[in-house]
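A.B. asks: Handing you a structure now.
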Amino acid sequence: MIVPFHHLLVLATLLFLLGLMAVLVRRNLIMILIGVEIMLNAAGLVLVGASALWQQIDGQVLVIFLMALTSAEVSISLAMVVYLNRRKKTVDVRAFDELRG
Amino acid sequence: MSLLELQALLPQIILALGATAILMLGAWYPSRKWILAGVGIALVAALCAGFVSPAVAEVAGLYSTGRYACFFVIVWSLLGAFSLLLSLRYAEIHDLPGSEYSSLVLFAACGMGLLSAATSLIGLFLGLEAFTLVFYVLIAFKREDPRGAEAGLKYLVMGAVATGFLAFGISLIYAASGSFHLPEAFVGLQQTAGGMRTIGLVGWALILVAIGFKVSLAPFHLWTPDVYQGAPAPVTALLATGSKGAVFAALVPLFTALGPLKADLEVILWVLAALSMLVGTLAALPQRNLKRMLAYSSVVHMGYLLTGLLVGGRVGNRALLFYLLAYSIATLGAFGVLSSFSRVDDEPQEYTDFRGLGYLHPRRSSVLAACLLSLAGIPPLVGFFAKFGIFSAALKGGYPGLALIGILTALASLYYYLSPIVVLFMQQRDARQLRRGGRHEYIVLACCFAAILLLGIYPAPLLDLLGSLLP
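Those protein sequence lines, which keep their order, are chains A and L.
At position 81 of the first sequence the residue is numbered 895 (the working numbering), and the sequence of numbers has no breaks.
At position 265 of the second sequence the residue is numbered 296 (the working numbering), and the sequence of numbers has no breaks.
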């Protein structure tokens, strides 16, 4: 491997943390979902790197599974965004705070 | 994947293909009768798992087809069938589309069956996501209910973050060990030293965070009460029992494979278990809403289950599985009564809605009371033996601290489980007459009631069966 595995790991960890920050800090539902996608892509990056490190195909197989799963998740969550937007005319998660106790 | 492997995975394939068929046919012939068809498919899958002996022991290095896996496929299929039976009248009065609902529940049962059978991290990931994606839809299924929308949003954000943690954790473990298959992954993790071992342990901790979200362990439980409250009651029944139970069912072989690595995680698990018991109890005590109370008390129950997992070994795992079944039966019964009580406009869930209801609907109220008493662990019911098993396993296994916290929180739980029962049978009546229960609901409630009573009086056969399932 031309790129040392540790560099890849650092990059992926940074990406993961950035995604997590987006989820925690952003209040717009679409931005939160983008943050989750970044977290998942960080995982995919590690998988591809580890796959090259161990000279196996398994990691790349999971990356393909991950892509399929991500697209399923995005389609459901965007349907949810449309539905929530119709209810409250906003995608700000702060608008949804009726359940308490 | 050969034909033999497909045959070995037949119950899950029946569930998935049956769900697809119902979804397709429902587009042409929309009807609520599809829910009954879904019950039939779930029962066929359960029978298939029980009586067709699988041709190979492991499918594609992902899913086991051993007796343990088959047992849990039966349990989750039956659970899917029961929650569909509970939904029949509920779907009618709330005007839910039958075929979509039925197929989603079957997909969820399929995902739970896959998760409990997982022998590889890929299998674990796919099984877990298969039913999480279904629950995103099911929780917000009542479209006109604003609380359902909010609950769906909360579960979506929490579930998506948990998915991110799980995927990153799995990829780190793979990077450190070079295998997804559980036994090899853990052997690989033990052999590596230095930086790679740390990476593997960090990955394992991230997976624990994701699992904490899914089964609502204490610092990650904040979504639970809102989702329980906002989701339709039959969906909450499935969420509270199956989605948490399947994760624990998958964790038992996982922790057995973990071997000596468990020592590295012991402190985290200990803290998670203790926090779950304490935080759940403190939050459940002031609740005046039955669904929220059950949500917080489920956090406590997850703490007990984690204690069993931590003790491990044959005794601990058997106690855990018995507790899991006792908890699932009683929770299914409690949410079954709640869905049977539901009105056109709303579900009664505040304690004020229940005042004196025991005199108007004595049979269903008695079932609810029995379920709550079993969850509290009152002696002749199954919950008592389950709790006793966990605590004695914890004492013998060298976790006296957790056993002590468990016994204290179980005592405190008497308060929050008894107060709705007192309200139900209060002389002063505020409750309105509710609709008569449906025949299908009575079947489920009678099954739960009988199981709570019979397993409480005579638990030996089930204990023997669970003992024989464990490796």
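Glycine is no exception: its CB is placed at the ideal position from the N, C-alpha and C atoms.
Let me know the secondary structure DSSP gives L:S151 once reduced to three states.
C.D. replies: Here L:S151 sits in strand by DSSP.
A.B. asks: Under 8 Å between C-beta atoms, does L:S202 make it to chain A?
C.D. replies: Closer than 8 Å: yes.
A.B. asks: Can you give me the C-alpha to C-alpha distance between A:I852 and L:I201, rounded to a whole angstrom?
C.D. replies: About 16 Å.
A.B. asks: Quick one: Cα of L:P256 to Cα of L:A58, how far?
C.D. replies: Whole-angstrom Cα-Cα distance: 34 Å.
A.B. asks: In the DSSP output, which residue or residues are listed as bridge partners for L:V90?
C.D. replies: In the DSSP output, where bridge partners are listed per residue, L:V90 has L:Y94.
A.B. asks: Please confirm if L:D126 has its CB atom under 8 Å from at least one CB of chain A.
C.D. replies: No, no contact with chain A.
A.B. asks: Where does L:H392 fall in DSSP's three states?
C.D. replies: L:H392: coil per DSSP, three-state reduction.
A.B. asks: Return the first residue and the last residue of the alpha helix (DSSP H) that L:E381 is part of.
C.D. replies: Premise fails: L:E381 is in no alpha helix (DSSP H) and is neither H nor E.
A.B. asks: Answer yes or no: does any C-beta atom of chain C fall closer than 8 Å to that of A:M845?
C.D. replies: Looking for chain C here will not work: the only protein chains present are A and L.
A.B. asks: Taking the alpha carbon of A:F879 as the reference point, which residue from A:L838, A:A836, A:V862 has its own alpha carbon closest?
C.D. replies: Cα-wise, what sits closest to A:F879 is A:V862.
A.B. asks: DSSP three-state call for L:H212: helix, strand or coil?
C.D. replies: Residue state, collapsed to three classes: strand.
A.B. asks: Go to L:Q458, then tell me how far its alpha helix (DSSP H) extends in each direction, as first and last residue.
C.D. replies: Here L:Q458 belongs to no alpha helix (DSSP H), and DSSP marks it neither H nor E.
A.B. asks: Could you spell out the range, first to last residue, of the alpha helix (DSSP H) harbouring L:L426?
C.D. replies: Element bounds for L:L426: 413–427.
A.B. asks: How is L:D495 classed by DSSP in three states: helix, strand or coil?
C.D. replies: Helix at L:D495.
A.B. asks: So what does DSSP say about A:D911, is it helix, strand or coil?
C.D. replies: If DSSP states are grouped into helix, strand and coil, A:D911 belongs with coil.
A.B. asks: Could you check how far apart the C-beta atoms of L:S396 and L:L433 are, in whole angstroms? I think they sit under 8 Å.
C.D. replies: The Cβ separation is near 35 Å, so there is no contact.
A.B. asks: For L:D376, does the three-state DSSP call read helix, strand or coil?
C.D. replies: Reduced to three states, the DSSP call for L:D376 is coil.
A.B. asks: Rounded to whole angstroms, how far is the Cβ of A:V905 from the Cβ of A:I844, which I believe are closer than 8 Å?
C.D. replies: Contact flag correct, Cβ pair sits at about 6 Å.
A.B. asks: A:A856 CB to nearest chain L CB: under 8 Å?
C.D. replies: So, interface residue.
A.B. asks: Roughly how many whole angstroms lie between the Cα atoms of A:F830 and L:L67?
C.D. replies: Cα to Cα, A:F830 sits roughly 44 Å from L:L67.
A.B. asks: Tell me which residues of the segment 255–280 of chain L have at least one Cβ-Cβ distance to chain A shorter than 8 Å, keeping chain order.
C.D. replies: Those would be P256, D257, Q260, G261, in chain order.
A.B. asks: Which residues bound the alpha helix (DSSP H) around A:A882?
C.D. replies: Counting along the chain, the alpha helix (DSSP H) containing A:A882 begins and ends at 872–902.
A.B. asks: Comparing alpha-carbon positions, which option in A:R900, A:V824, A:L854 lies nearest L:R174?
C.D. replies: Of the listed residues, the one whose Cα sits closest to L:R174 is A:R900.
A.B. asks: For L:F211, decide whether its Cβ has a neighbour in chain A, counting only Cβ atoms nearer than 8 Å.
C.D. replies: Answer yes: the Cβ-Cβ gap between L:F211 and chain A drops below 8 Å somewhere.
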